[in-house]
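Participant: In my numbering, the protein residues as written are 56 to 153. A virtual CB, placed ideally from N, CA and C, is assigned to each residue, including glycine. This is the structure I have questions about; it appears just below.
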């Protein structure tokens with residue numbers, strides 16, 4: 056599966072941002088949250104999900120948007136299923152390596 060990857064390096068921090076390509080540029084709202092998958096934060100290059108997972112260990116923060124990506128991150132042990140947020144049916148998770 057291909058995903059959109061954006062790596063942001065700032066000071067000593069590395070942010071690895073992943074989203075499913077069909078979600079890029081969209082916004083989802085419910086009573087509790089707004090999930091904005093904007094191009095400034097999530098826009099980047101299209102890469103294979105396997106490659107994206109290799110970047111998790113070097114990241115300070117990983118931000119993941121999309122049901123398939125989040126489910127795969129849970130399956131691989133990067134994300135606990137109870138830490139996943141869902142806005143209008145779209146899953147979102149973050150991983151912190153501090």
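According to DSSP, what are the bridge partners of residue 63?
Facilitator: 70
Participant: Can you name the start and end residues of the beta strand (DSSP E) that residue 96 belongs to?
Facilitator: Careful: residue 96 lies outside any beta strand (DSSP E), inside the alpha helix (DSSP H) at 94 to 97.
Participant: Can the beta-carbon of residue 144 be found less than 8 Å from the beta-carbon of residue 74?
Facilitator: no
Participant: DSSP three-state label for residue 57, please.
Facilitator: strand
Participant: Measuring only the C-alpha atoms, how far is residue 99 from residue 142?
Facilitator: Each residue's Cα considered, the two are about 23 Å apart.
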